[in-house]
Structures are given as C-alpha cells and as structure tokens.
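Going down the list, the protein sequences come from chains U and Z. For the first sequence, the working numbering gives the first residue as 310, with consecutive numbering after it. For the second sequence, the working numbering gives the first residue as 101, with consecutive numbering after it. This report concerns only the one structure given below.
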Amino acid sequence: MGSSSGEEGEEEWVPPSRRPELADVAPLPQADGPCPVVSIAYRGDFHEVMDYFRALYAAGERSPRALRLTADAIHLNPGNYTVWHFRRVVLEALDADLLLEMHFVDQIAESNPKNYQVWHHKRWLAEKIGPDAANSEHDFTRKILAMDAKNYHAWSHRQWVLQSLGGWESELQYCNQLLEEDVFNNSAWNQRYLLVTRSPILGGLAAMRDSEVDYTVEAIMVNPQNESPWRYLRGLYKDDNNLLVADNRISDACLKVLNKDWTCVFALSFLLDLLRMGLQPSDELKGTIKAMENSDPETGHADIAVIVCSILQKCDPLRINYWSWYQTTLSS
Amino acid sequence: SYDGGFGMVPGSESHGGGTFCAVAALYLMGFIQVDLASNSRESAPIDVQLLLEWCLQRQAADGGFQGRRNKPSDTCYAFWIGGVLKMIGAYHLIDHGALQEFLLTCQTCYGGFSKFPDDELPDIYHSYYGLAALSLLGEEEVEPLCAELGIIAAAL
Chain U
310 MGSSSGEEGE EEWVPPSRRP ELADVAPLPQ ADGPCPVVSI AYRGDFHEVM DYFRALYAAG
370 ERSPRALRLT ADAIHLNPGN YTVWHFRRVV LEALDADLLL EMHFVDQIAE SNPKNYQVWH
430 HKRWLAEKIG PDAANSEHDF TRKILAMDAK NYHAWSHRQW VLQSLGGWES ELQYCNQLLE
490 EDVFNNSAWN QRYLLVTRSP ILGGLAAMRD SEVDYTVEAI MVNPQNESPW RYLRGLYKDD
550 NNLLVADNRI SDACLKVLNK DWTCVFALSF LLDLLRMGLQ PSDELKGTIK AMENSDPETG
610 HADIAVIVCS ILQKCDPLRI NYWSWYQTTL SS
Chain Z
101 SYDGGFGMVP GSESHGGGTF CAVAALYLMG FIQVDLASNS RESAPIDVQL LLEWCLQRQA
161 ADGGFQGRRN KPSDTCYAFW IGGVLKMIGA YHLIDHGALQ EFLLTCQTCY GGFSKFPDDE
221 LPDIYHSYYG LAALSLLGEE EVEPLCAELG IIAAAL
C-alpha cells in the first residue's frame with residue numbers, strides 16, 4: 310500500500326529504498342532530539358519517503374530524481390510547504406516544463422481544493438507562465454467552483470488571474486450563470502461587484518450602475534428573503550447616498566416588497582437607511598407603513614423612521630437589541 | 101468590501117476571519133477608538149456603522165454565526181465575529197441566548213466542539229473557538245478573554 314507517484318495507478322509503487330536511481334542516497338532520519346515525547350507513528354512508506362527527501366534536501370540536490378521524489382512526498386502530505394518550496398527550487402534549476410507542472414498541481418488541487426500550498430504553487434506557476442495561462446486557470450477555477458461554488462481559494466485565485474493575467478471577457482456571463490444556478494451565492498454577487506467596479510471592459514461603476522440596479526431589483530423581487538442582492542444594491546451606490554435616495558426604482562422596490570410581505574426585514578431596513586439619508590416618503594409609502602403600524606397599535610409615532618424601527622424590533626427579534634439601540638439614535 | 105465586512109485581500113468576499121484580523125490589527129494599532137455602547141464614534145478610518153450591520157447580520161436563525169452571507173453557521177465564527185463586536189463595543193447587541201444555545205449544540209459527546217451542530221466529530225480548532233466564544237458570552241467558569249490578542253485578560 311502506498312500512494313502513486315503520479316503514475317496512473319497501474320504500476321506498483323516502489324519504495325525509495327528499492328529504487329536504483331536512489332541507491333547512492335543515505336536516508337536522513339527526522340531529528341526528533343534525545344527524548345522525543347508523543348512521537349508520531351508514521352506509516353512505513355511515509356517515513357521512508359521523508360528520510361530520502363531530507364537527504365536530498367540537505368544535500369541541496371537539484372536533479373530530476375529530486376523532482377520525482379518531491380512528488381511522492383507531496384502525495385503523502387500535500388500540506389508540507391518545505392517540500393513544495395524545494396520542488397520550486399528544483400523546477401527552476403532544471404528549467405522544467407511549467408505547463409506539465411501545472412497539470413501535476415491541478416491533479417493534487419482537485420482532490421485537495423482547500424489546500425493553501427497547492428493554490429500558492431499554482432499562482433507561482435501562472436505568474437511565470439504569464440497571460441497564456443489565463444484561459445486554463447479560468448477553466449480550472451470554474452471546475453473547482455462547479456464542485457463548490459463558494460471555495461474561497463478558488464475565488465481568490467480567479468480574481469488574481471483576472472487582475473494579473475486577464476480574461477475578463479466572459480466573466481459577467483459566468484456570474485449570471487452562477488446566479489441562475491443559485492441566486493443566494495454571495496461569492497458570485499461579490500464577483501459581480503469586482504467586475505462592475507474593476508473590469509477594464511465594462512466601463513466602471515457609473516457606466517454599469519443603471520443596468521445593474523435593474524438586474525438586482527429583479528433578483529430581489531424573485532427572492533426578497535435573499536440578503537445578497539439587497540447589500541449589492543447598497544454597494545452600487547457606495548459613497549453616494551444622494552444618488553441612492555434619488556433613484557426611485559429603489560424605494561419603489563422596497564415598497565413593492567413590503568406590499569407583498571410587510572415583515573420583510575431587508576426591505577424594512579433598507580427603507581430605514583433611505584429615510585436616514587433623507588428620503589422624503591411618498592404618500593403611498595407613508596400609507597403602507599401606517600398600515601403595518603396599525604397591526605401594532607403601541608407605536609403611534611409621527612416619525613416614519615421610528616415606526617419602521619419598532620416594526621423591525623418585532624420582525625427581526627434576533628436583532629432586537631440592535632433595533633432598540635438604533636431607535637435611540639433616531640431621536641438625536 | 102462594499103458591504104462593510106473585510107475580505108482576505110482587496111476585492112475578496114467579506115469573511116468572518118478576514119474581518120476579525122483586519123479589525124483586530126487596526127484596533128491594536130490604535131486606529132479604532134469606537135465604543136458604540138457609549139455612542140462614541142470618535143475616530144475610525146473604516147465605516148463602523150456598515151461593519152456593525154455586517155457583523156450583526158451574520159447571526160443566523162439558528163443562533164450561530166456564519167462566516168459569510170448565506171452560508172451555514174459555524175462554531176468558530178461566534179469568536180471571529182463576536183470578537184469584532186466586542187472590540188467596537190457592540191457585543192451587547194447580539195442575541196446572547198440564541199448564540200449560547202447554538203454553541204452547546206456544537207459540543208459533541210466527546211466534550212470537544214465540532215464545526216456544525218449535531219456533528220459527531222470534534223476538532224481542536226472548533227473546540228478552542230467554541231470555548232473562546234463562550235468566554236465572550238460571559239459563561240461562568242470560563243476566563244475572560246482579550247479578544248484582540250487572543251489571550252486571557254488575566255495574562256495582560
């Protein structure tokens with residue numbers, strides 16, 4: 310038993326001690342000190358591979374056999390960053406084929422998609438390969454995200470590839486697809502924000518805002534209980550509260566949602582924000598709020614914002630301490 | 101991020117761990133002199149109100165805290181997010197009872213805590229952060245913590 314050394318599982322794994330190419334190597338045991346406590350009971354194959362690794366590492370060897378051995382070590386423990394580091398040193402010394410190497414690490418990454426070393430290695434490689442790597446890196450992260458649409462490493466890598474190597478063209482379409490599959494996917498909403506603000510081909514936030522507001526409002530209507538689009542909408546008007554208040558589509562959306570479900574916490578709190586920013590409530594809005602208020606005659610306040618706040622205390626009991634505190638700040 | 105939380109790097113999705121590290125670092129450097137409990141908002145280079153909203157919205161219906169919007173609650177975020185709220189003087193605004201109940205459902209029959217409720221297997225990471233979160237909650241027999249340094253207050 311033992312893991313493969315990168316071969317397709319057909320061949321028997323040969324322990325390093327029985328490999329002719331390593332015959333002249335004296336394995337170097339782990340230096341555990343004179344009185345080790347709680348010694349780890351390493352498996353035989355692991356122990357042997359690491360003893361040989363240590364020997365080559367200590368000798369500063371830069372050879373094809375060293376490269377091959379690091380693959381064994383990586384398969385046994387893909388989290389050993391010393392081995393990865395040494396592998397990179399050897400790769401450089403041998404001026405190895407980076408595309409082949411990327412294929413190697415992708416194979417490890419697929420079965421270890423949350424391993425930091427693997428993603429770092431990919432980034433190191435992609436940086437060396439340059440813009441030609443963009444497409445395959447996007448294909449790869451897409452594959453990982455198809456298995457786990459929120460894998461933070463994958464998203465980080467994808468964002469880095471976009472910003473360093475390019476490939477922005479199909480990204481908005483990709484976000485659309487992910488949101489169609491799961492409109493609650495906050496990672497996709499976040500990616501959308503990156504595109505809308507940073508993509509060199511979309512024209513920036515000001516240019517995109519209008520169509521994005523429409524897209525987001527529609528997402529809200531389909532699922533008002535999804536926090537993501539509400540926050541995204543807020544984000545579209547970051548640093549510009551006046552514009553936010555002036556965009557009728559937004560207060561209209563809040564109203565529409567509340568008319569269907571007056572307990573919708575996101576709509577209520579968005580409304581509260583708008584009121585705090587200076588929104589002058591329309592008569593229709595005032596009417597809707599008063600109607601909600603009538604379901605609870607305790608609140609008989611003139612100030613719409615205060616009424617909304619007290620409704621929130623009822624509808625969002627988990628955050629009742631917050632809404633009560635918020636209400637005290639309204640009077641100031 | 102656009103929503104008040106912090107991601108690991110610019111552009112990344114807001115994340116409980118990233119937010120804790122950012123706020124704790126700023127706090128240790130003295131950039132965060134905020135105490136929402138006393139309504140003081142003297143100085144902060146960040147949007148504290150938006151951060152506050154982001155943090156509080158991370159408490160889910162099951163009482164636990166999620167690390168990111170629309171993800172399941174996970175034991176450890178009770179510390180990462182709870183710690184942030186403690187640093188900005190807003191810890192009293194969460195639902196303590198609901199959080200405590202959630203954390204207790206994450207304790208396994210072996211004593212250690214797992215990532216999710218009703219999981220069989222605990223790990224040392226979630227056990228530590230589960231306990232740290234109980235410390236923030238003021239649980240009896242648990243030492244008070246200095247959240248920003250991750251050590252017990254008595255050690256300071």
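C-beta: ideal position from N, C-alpha, C; glycine also.
- Around the C-beta of residue 412 of chain U, fewer than 16 other C-beta atoms lie within 10 Å, and the residue is accordingly described as exposed.
- Residue 630 of chain U is positioned such that its CB atom lies closer than 8 Å to that of residue 193 of chain Z.
- Using a CB distance below 7 Å, the part of the segment 467–487 of chain U facing chain Z consists of 468, ordered along the chain.
- When C-beta distances to chain U are compared with 8 Å, the residues of the segment 108–127 of chain Z below that value are 108, 109, 111, 112, 113, 114, 115, in chain order.
- Nearest to residue 126 of chain Z by C-alpha distance, out of Z:184, Z:112, Z:212, Z:237, is Z:184.
- Excluding sequence positions up to five before and after residue 395 of chain U, its CB lies within less than 7 Å of the CB of 366, 379, all in the same chain and listed in chain order.
- Residue 375 of chain U sits buried, since 16 or more C-beta atoms from the chains shown fall within 10 Å of its C-beta.
- By the C-beta density criterion, residue 215 of chain Z is buried, having at least 16 other C-beta atoms within 10 angstroms.
- Secondary structure of residue 337 of chain U (DSSP, three-state): coil.
- In the three-state scheme derived from DSSP, where H, G and I count as helix and E and B as strand, residue 138 of chain Z is classed as helix.
- The Cβ atoms of residue 480 of chain U and residue 504 of chain U lie closer than 8 Å to each other.
- Out of Z:254, Z:205, Z:246, the CA that lies nearest to the CA of residue 230 of chain Z is found in Z:205.
- When rounded, the separation of the alpha-carbon atoms in residue 340 of chain U and residue 500 of chain U is 47 Å.
- Per the C-alpha coordinates, the member of U:564, U:557, U:553 positioned closest to residue 585 of chain U is U:553.
- The beta carbon of residue 192 of chain Z sits closer than 8 Å to some beta carbon of chain U.
- Shown here, residue 493 of chain U sits in coil according to DSSP, grouped into three states, outside any helix or strand.
- Between the beta-carbon of residue 203 of chain Z and that of residue 232 of chain Z there is about 10 Å, and that puts the pair past the 8 Å contact cut.
- For residue 408 of chain U, the secondary structure class from DSSP, reduced to helix, strand or coil, is helix.
- Residue pairing from DSSP places residue 173 of chain Z in a beta bridge opposite Z:166.
- When only Cα atoms are considered, residue 253 of chain Z and residue 228 of chain Z end up about 16 Å apart.
- The continuous stretches of alpha helix (DSSP H) do not include residue 132 of chain Z, and DSSP gives it neither H nor E.
- Scanning its chain for C-beta atoms nearer than 6 Å, with the 5 sequence neighbours on each side dropped, one finds around residue 639 of chain U the residues 614, 615, in chain order.
- Below 8 Å, enough C-beta pairs join the segment 460–474 of chain U and the segment 104–118 of chain Z to call them touching: three or more.
- For residue 198 of chain Z, the closest Cβ of chain U is nearer than 8 Å.
- Runs of the alpha helix (DSSP H) spanning 4 or more residues and lying entirely within the segment 546–592 of chain U occur at 550–555, 557–569, 574–585, in chain order.
- In this structure, DSSP gives residue 245 of chain Z an extended state, which the three-state scheme calls strand.
- Straight through space, the alpha carbons of residue 476 of chain U and residue 483 of chain U are spaced by roughly 12 Å.
- Identification of chain Z residues near residue 465 of chain U by a Cβ-Cβ cut-off of 8 Å yields 108, 109, 112, ordered along the chain.
- The three-state reading of DSSP puts residue 207 of chain Z in strand, counting E and B together.
- Around the beta carbon of residue 186 of chain Z, a 10 Å sphere encloses 16 or more other beta carbons of the protein chains shown; the residue is thus reported as buried.
- The shortest C-alpha to C-alpha distance from residue 150 of chain Z to any of Z:188, Z:160, Z:197 is the one to Z:188.
- Residue 502 of chain U sits close to residue 102 of chain Z, with the two beta carbons spaced by under 8 Å.
- In this structure, residue 492 of chain U lies away from residue 444 of chain U, with their beta-carbon atoms at least 8 Å apart.
- Cα atoms of residue 524 of chain U and residue 133 of chain Z: separation of roughly 39 Å, rounded to the nearest angstrom.
- Residue 601 of chain U sits buried, since 16 or more C-beta atoms from the chains shown fall within 10 Å of its C-beta.
- Looking at the DSSP output, residue 468 of chain U sits in no beta bridge, so it has no partner there.
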